[in-house]
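Protein chains in written order, with UniProt numbering: chain W, 1 to 336; chain Y, 1 to 336; chain U, 1 to 336; chain C, 1 to 336. One structure below.
Number of protein chains: 4
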Amino acid sequence: MTPAPAPAPDVVRSAYAQLVVTDLAKARWFWADMLGFHVQYEAPGIICLRGSDELTHHSVVLREGEAAALDHIAYRVRTPADLDRAERFFHRLDRPVRRVPRGEGTPGVGDAVRVVDPLGFPVEFFHDIDRAERLIQRYDLRRGAEVARLDHFNICTPDIPAAYAHYRSLGFGCSETIEGDEHELYAAWMYRKQTVHDVAFTGGAGPRLHHLGLATHESHHVLRCADLFGSLRKEHHIERGPGRHGVSNAFYLYLRDPDGHRVEIYTSDYYTGDPGHETYRWNVHDDRRRDFWGNAVIESWYREAAPVLDLDGEPQPVTDALLDESSVRVGADGLG
Amino acid sequence: MTPAPAPAPDVVRSAYAQLVVTDLAKARWFWADMLGFHVQYEAPGIICLRGSDELTHHSVVLREGEAAALDHIAYRVRTPADLDRAERFFHRLDRPVRRVPRGEGTPGVGDAVRVVDPLGFPVEFFHDIDRAERLIQRYDLRRGAEVARLDHFNICTPDIPAAYAHYRSLGFGCSETIEGDEHELYAAWMYRKQTVHDVAFTGGAGPRLHHLGLATHESHHVLRCADLFGSLRKEHHIERGPGRHGVSNAFYLYLRDPDGHRVEIYTSDYYTGDPGHETYRWNVHDDRRRDFWGNAVIESWYREAAPVLDLDGEPQPVTDALLDESSVRVGADGLG
Amino acid sequence: MTPAPAPAPDVVRSAYAQLVVTDLAKARWFWADMLGFHVQYEAPGIICLRGSDELTHHSVVLREGEAAALDHIAYRVRTPADLDRAERFFHRLDRPVRRVPRGEGTPGVGDAVRVVDPLGFPVEFFHDIDRAERLIQRYDLRRGAEVARLDHFNICTPDIPAAYAHYRSLGFGCSETIEGDEHELYAAWMYRKQTVHDVAFTGGAGPRLHHLGLATHESHHVLRCADLFGSLRKEHHIERGPGRHGVSNAFYLYLRDPDGHRVEIYTSDYYTGDPGHETYRWNVHDDRRRDFWGNAVIESWYREAAPVLDLDGEPQPVTDALLDESSVRVGADGLG
Amino acid sequence: MTPAPAPAPDVVRSAYAQLVVTDLAKARWFWADMLGFHVQYEAPGIICLRGSDELTHHSVVLREGEAAALDHIAYRVRTPADLDRAERFFHRLDRPVRRVPRGEGTPGVGDAVRVVDPLGFPVEFFHDIDRAERLIQRYDLRRGAEVARLDHFNICTPDIPAAYAHYRSLGFGCSETIEGDEHELYAAWMYRKQTVHDVAFTGGAGPRLHHLGLATHESHHVLRCADLFGSLRKEHHIERGPGRHGVSNAFYLYLRDPDGHRVEIYTSDYYTGDPGHETYRWNVHDDRRRDFWGNAVIESWYREAAPVLDLDGEPQPVTDALLDESSVRVGADGLG
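Laid out in structure tokens, this is it:
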């Protein structure tokens, strides 16, 4: 990083994730019927989904493929000119960059820039996206977890300080961290929109996708989602929770889709939009950091995550973690 | 009432109401799609419905007819022998009584006794009723207001002390009343099962059916029901509420079905099963009695109610009220 | 049990539990400040507590003593004459029986009969109990978990069929069971009031008290209770949950008080008051039986329970279990 | 307004309101005990309050005075340089402008600029404000309505298009409007932070303060607030609701403080932070616009509002409205 960095694109928010699933019908059951996503677009091999509060074409795209993976995550940028900034920014970092014109990439999305970022993740930046009919008050169409909108990406990366530095250079603020006694960084939550995060980093072998965070309005929606899986004897899709996070103070439930993609149903964090919003730092030995009620984290939650693809659709190689939060024994938690 | 009263049948609970509706398809939309009742039985001209927690054949029956009315309300009794007791009890009162053998009355119900009670209401007593598949944990089948079970009947009658005395003679307890300064009775809530009521009396021209009270589990289910009507621009079905009752402490919403039958979505009252449970008395001037938050009662709520039929299906004549609660001006409430 | 059994007393409901705690101030913090019980009576060495919906003197009594234990559980009976029936019933069973006149037993309670039942538990039967001011609508006095009322006792006993038979002989119905493939009984839920249970049996060394079940009105009250413990860094009092039970369909949270007494915060089960209410049978291999979402039971939940005292206040000896549900490996659950 | 407008200050959000109350002790009861605001600062004649999620010194300031009024509303700006921009912006509009150095204005606030805006409202702009201890997870300190943060100001102004134009010139977006058949503007909701609004305009005599909108996390917090007022027989503080707004989709309750200042408890609107967020337009004849369930608006809600002061603390004169939404008869609503 010796050359002066190029100006960063002005990122508005985490906008959508495109996942590779191996059976689109099964995935549709999970995402649309159970989580309550609305199907905005459907064609052979692909489904575009959005939550009830979302006014753009999609926030989750399911593409059928041979092996489950993250195809890419995508950030919306403020202006078309930010695409050029994104292109220069990642060129300067000597990372793979590709222009994807409208019609050649994901349905509904205009011109885009796709990169493999310094953490090894496939990331798209776009400004234009098709509008979608307002469903905010269509309570009659709500189902399942009544997902309102995509809230955040959580990614596994072996080098948390590097991830933190990269997203700082993209203009992200940091709402919360988990740190060791010497302030070594175990995890961080970073934002552009005025919530706790658009992206968070879980220490572990990476690049891998840990989960997508999906916002719902109230805690009873989260409970209902779990009840639905129990009703159908599909409770094995429930991995962890429900619980209250220490970090973010959100009420959560972790699910695994039929391909093992992890989803968090998430509600009720706080406003971070003020200038000078201060980072809140959790010590890794506080057993409330991951669950405010002290419930132990499930081992699979620390260990398992989805592979990510490069710009040609090939799996990215994975590097082991430098620091392992799950090896820190804290209260009920820690798996070491 | 000079002869010694006959022993009363042992009433278990308010069990079902049979309503005459003028358009079964419209009624089905309201009761099944919007309120979330499960259709247990359907034949030309009739639908039997039950809530998610109900293990018997139905708690609401919709019968198609020329004019909207209450066909009858029904109480379940503890043993088959209680049917004989019911027969003698109402004979002794010189009221119309009719035996209805299984198969000749309402689908799913065994032998029954139907009477016109001293208040002029068509009332059935039965013991046997078909079992229904347990749906308590079928969250996947829940819809709309997610009605769990019938909770109570509310009936309009001009002479509240007479209604009170009649139901006392049937062994009902009294959980709450609304009374004037001289303890004149404006309304009473009476129970057999261990909740606030199975039947309540609203002062007014009668006999007429004021509403059916339907229990749901939590307050957010009540709110959802109102949201659904708004979504579909059917908000005119919402008559009053949501609100918290002073009487019963339940959270409520009043709806009108396509024929004007009134329904209360009701949640969270209290246990009344102890011996010597004491009546709680509200003064008619306490503006929290009808709405604990002091919101005014809607005029139609006091004025409108459904006609009731006699044992031959003819409308019962109506008598005006002796005391009129709505003429008492109290805080925001009262329409006098 | 060769002699013909005496007529059983008519039990109304599980009424209160008297616990021995080793530090009354710490216990007061837990039960009153955190759970939200109202202190009805307080004297050196004793506190009587009740929930917001309770109209009698107490449902939990904390007595200070040397070692944590269950002093006794108590059932309210329908009439004073039921005390005599209770006395004869347990005499006929050749169990220790003692009359406790008003003023010599627990504050607020009238004449009582105390026995050691065939399962080894200290049980009181009483009819008279002091009334308490109605607080049902005193939202201003609610705190913590906003406990509404005692719901049930859960007791550990090594011989579940014997426990089942004993409570059947006392006239209890059975709402649900957990059974093996050959219908061997692992657990049962039994009731007198019209809820899922007044008493339940957990297979294990016994007689020991597994927990007291406390009803609250809505699921958000349960979540709030957990949040409060987290706030104060007292999350180690949370043992298990929150979760949805398969059995009972209630939403639950298990806590441990400063002496290790286990409490369940419990909401939203179903009506069981109809004649012929059918028992619902869970197979021990259904991993939704203990948690409808398939979350594993915590080991301490199966293993730990409180000793119980005899009529002289001495600890009862404990016998090991015949069948051990926790040794059945089912899904995520089972600890064998 | 012929001269080219000066660049607008970069407004971050609606930050606080300073109210004049006539009895500070009574006001403290309402705002702190009942609404659950935390008292951050208290001195003779003044109290500074903040919600549980707020990390700055206050969002509501109560100053004791002779007559109830709005002293000023305040917006936080992004940088100290935005104060100069604010000063020039309102000078160019020929409006009263005053610099208020730290220590001479409201406690906890740094240098500020106060103006009387073109609508006649006293408005402060500031950047620096003291930090406050994080209470987000102090559930043990929550009370009453558990107010999380100030959400918005709602102001009465006779000329809605002028108000709209002024706030557009300050860089505010518009999320929703109420419009007549010819698109004449009856009301508008405008934002800087990523919610439905920071400020909204109610047509009526003005300048007057209609209400302060206070965010809470879930709908049950709103219901609890109403229950608390009922408990204490203070239900006359409840003016309207609870209900669901058509505009914003938020769940609401309107209260009046002891001086008649109106407060809205408000939960659950939607994200508006995307570029090109489109305005949603309600027709004034849609009776769901003010209440999604079609409940009528209370007359006082349309008619009553608080006077506002000028920079010297004198009441501003009031002008009557040009268009009167309450004169449009729509469904249950409209008072004409």
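Glycine included, C-beta positions come from ideal geometry on N, C-alpha and C. Quick caveat, the model's predicted, so the values are computed rather than measured.
Cutoff 9 angstroms: residue i Cβ touching any chain Y Cβ
i                 : result
Asp274 of chain U : yes
Asp140 of chain W : yes
Ile178 of chain U : no
Leu226 of chain C : Sequence inspection shows Ala at residue 226 of chain C; the Leu mentioned does not correspond to that position. Closer than 9 angstroms: yes.
Tyr271 of chain C : no
Asn283 of chain C : no
Phe126 of chain U : no
Gly241 of chain W : no
Gly230 of chain W : yes
Coarse secondary structure for residue i, derived from DSSP in three states
i                 : result
Leu93 of chain C  : coil
Glu239 of chain U : strand
Leu119 of chain Y : coil
Asn283 of chain C : strand
Val297 of chain Y : coil
Tyr271 of chain U : coil
Phe172 of chain C : coil
His277 of chain C : coil
For residue j and residue i, the rounded distance between their alpha carbons
i                      : j                 : result
residue 416 of chain C : Lys26 of chain W  : No answer is possible for residue 416 of chain C: the residues shown for chain C start at 1 and end at 336.
Ala226 of chain W      : Val100 of chain U : 49 angstroms
Arg244 of chain Y      : Asp312 of chain C : 45 angstroms
Leu232 of chain Y      : Ser169 of chain Y : 46 angstroms
Thr267 of chain W      : Trp189 of chain W : 16 angstroms
Arg50 of chain U       : His211 of chain C : 40 angstroms
Ala43 of chain W       : Tyr75 of chain W  : 23 angstroms
Asn154 of chain W      : Thr79 of chain W  : 25 angstroms
Val60 of chain U       : His237 of chain Y : 45 angstroms
Glu146 of chain U      : Gly36 of chain Y  : 29 angstroms
Leu228 of chain C      : Pro258 of chain W : 46 angstroms
Ala111 of chain U      : Arg63 of chain U  : Residue identity check: residue 111 of chain U is Asp in the sequence provided, not Ala. Cα to Cα, the separation comes out at about 19 angstroms.
Arg114 of chain C      : Val123 of chain C : 6 angstroms
Thr319 of chain W      : Pro118 of chain W : 13 angstroms
Val77 of chain Y       : Leu150 of chain W : 53 angstroms
Residue from the options whose Cα sits closest to the Cα of residue i
i                      : options                                   : result
Asp140 of chain W      : Y:Glu54, Y:Glu235, Y:Ser52 and Y:Ala67    : Y:Glu235
Trp301 of chain U      : U:Pro317, U:Leu209, U:Gly230 and U:Thr267 : U:Leu209
Gln137 of chain C      : W:Val247, W:Phe121 and W:Ala306           : W:Val247
Ala148 of chain W      : C:Asn249, C:Cys156 and C:Ala215           : C:Asn249
Pro107 of chain U      : U:Phe121, U:Ile46, U:Arg114 and U:Glu64   : U:Ile46
His57 of chain C       : C:Leu35, C:Phe90 and C:Val109             : C:Val109
Gly213 of chain W      : W:Ile73, W:Arg63, W:Ala86 and W:Phe125    : W:Ile73
Arg88 of chain U       : U:Leu135, U:Gly65 and U:Asp10             : U:Asp10
residue 340 of chain W : W:Phe251, W:Gln194 and W:Gly206           : The structure shown does not extend to residue 340 of chain W, since chain W spans only 1 to 336, so no value can be given for it.
Ser326 of chain U      : U:Pro7, U:Glu304 and U:Glu314             : U:Glu304
Residue-chain proximity (residue i, chain C), Cβ-Cβ < 9 angstroms
i                 : result
Ser52 of chain U  : no
Pro317 of chain Y : no
Ser219 of chain Y : yes
Check: residue i C-beta below 8 angstroms from any heavy atom of the ligand SAH
i                 : result
Arg114 of chain U : The ligand SAH is not part of this structure, which contains no ligands at all.
Cβ of residue i within 9 angstroms of any chain D Cβ
i                 : result
Gly260 of chain C : The structure shown contains no chain D; the protein chains it does contain are W, Y, U and C.
How about the region 89 to 103 of chain Y and the region 14 to 32 of chain Y: do they share at least three Cβ pairs that are nearer than 8 angstroms?
no
Inter-stretch contact (C-beta, 8 angstroms, three-pair minimum) for the region 263 to 277 of chain W and the region 289 to 301 of chain W
no
Quick check: the region 143 to 162 of chain U against the region 180 to 188 of chain U, are there 3 or more CB pairs under 8 angstroms?
yes
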